[in-house]
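Report on the following structure.
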Amino acid sequence: MEEEISVLRHKLNYLEDQRYHKQLDTDRMKGLQAPIRRIPSEILAEIFIQVLHTWCYPDTERNAFPVHNVSLSTPPLLLLQVCRKWYRVVLQTPGLFTILPLEEFTSQDPLEYIPKWLNKCGSLPLHISLPGH
-6 MEEEISVLRH
4 KLNYLEDQRY
14 HKQLDTDRMK
24 GLQAPIRRIP
34 SEILAEIFIQ
44 VLHTWCYPDT
54 ERNAFPVHNV
64 SLSTPPLLLL
74 QVCRKWYRVV
84 LQTPGLFTIL
94 PLEEFTSQDP
104 LEYIPKWLNK
114 CGSLPLHISL
124 PGH
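Everything in the sequence shown is counted per this note's numbering, starting at -6 for the first residue and increasing by one.
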């Protein structure tokens, strides 16, 4: 009888392990079905551009000076860090690199951003805001 109990415990442990892994798979599949994953890249790009303009020009006309400096915690650099799809969308969207506020840099030379932004904005105009201007 002890041997039977041991066999059944082993089988129970095996089945619980299987159930755990199936639940992990199910959770991963639910993540793949998230509505954000079904948004076409073109629409995501437009949303990202709107986020950038709202961030840089929160309460002003679009022809005013940007109010935020470039850092890893601001668009478009922040958006690059979310997931692979967003990374690709950001790098394929020149409109996200048309504003370069070079205000209040503390750790890096702001001039190093200019060639990078020029390369990424393509033929679109690049708006640069310099410190104190």
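Glycine included, each C-beta is placed from N, C-alpha and C at the ideal position.
Remember, it's a predicted structure, so these values are computed and weren't measured experimentally.
Is the beta carbon of serine 122 sitting closer than 8 Å to the one on proline 94?
The residue labelled residue 122 in the question sits at position 129 within the sequence shown. The residue labelled residue 94 in the question sits at position 101 within the sequence shown. Inclusion of serine 122 and proline 94 in the CB contact set at 8 Å is warranted, their separation being smaller than that value.
Quick one: what's serine 122 bridged to in DSSP?
Numbered from 1 along the sequence shown, position 129 holds the residue referred to as residue 122. For serine 122, which the question treats as bridged, DSSP gives the partners Pro94.
Below 8 Å between beta carbons: does that hold for proline 108 and phenylalanine 90?
Position 115 of the sequence shown, counted from the start, is the residue given in the question as residue 108. Position 97 of the sequence shown, counted from the start, is the residue given in the question as residue 90. In this structure, phenylalanine 90 does not lie closer than 8 Å to proline 108 by Cβ.
Taking the alpha helix (DSSP H) that arginine 2 belongs to, which residues open and close that run?
If you number the sequence shown from 1, residue 2 lands on position 9. Run containing arginine 2: -5 to 25, per the alpha helix (DSSP H) assignment.
Identify, in the order they occur along the chain, each residue of the same chain with its Cβ nearer than 7 Å to the Cβ of lysine 113, setting aside the five sequence neighbours on each side.
Working through the sequence shown from its first residue, we reach residue 113 at position 120. Pro87, Phe90.
Could you tell me the alpha carbon to alpha carbon distance between methionine 83 and arginine 77, rounded to whole angstroms?
Reading the sequence shown from its first residue, position 90 is the one you call residue 83. Reading the sequence shown from its first residue, position 84 is the one you call residue 77. For the sequence presented, residue 83 should be read as valine rather than methionine. Whole-angstrom Cα-Cα distance: 10 Å.
Whole angstroms is fine: what's the gap from isoleucine 29's alpha carbon to valine 0's?
Reading the sequence shown from its first residue, position 36 is the one you call residue 29. Reading the sequence shown from its first residue, position 7 is the one you call residue 0. CA-to-CA, the gap between isoleucine 29 and valine 0 works out to about 46 Å.
Between glutamate -3 and lysine 15, what straight-line distance do the alpha-carbon atoms span, to the nearest angstrom?
Here the question's residue -3 lines up with position 4 in the sequence shown. Here the question's residue 15 lines up with position 22 in the sequence shown. If I take the Cα positions, the gap works out to 27 Å.
Can you give the beta carbon distance from leucine 111 to leucine 104, rounded, assuming they're within the 8 Å contact cut?
Walking along the sequence shown from the start, residue 111 turns up at place 118. Walking along the sequence shown from the start, residue 104 turns up at place 111. Not quite, the Cβ-Cβ distance comes to about 12 Å (not below 8 Å), so this is no contact.
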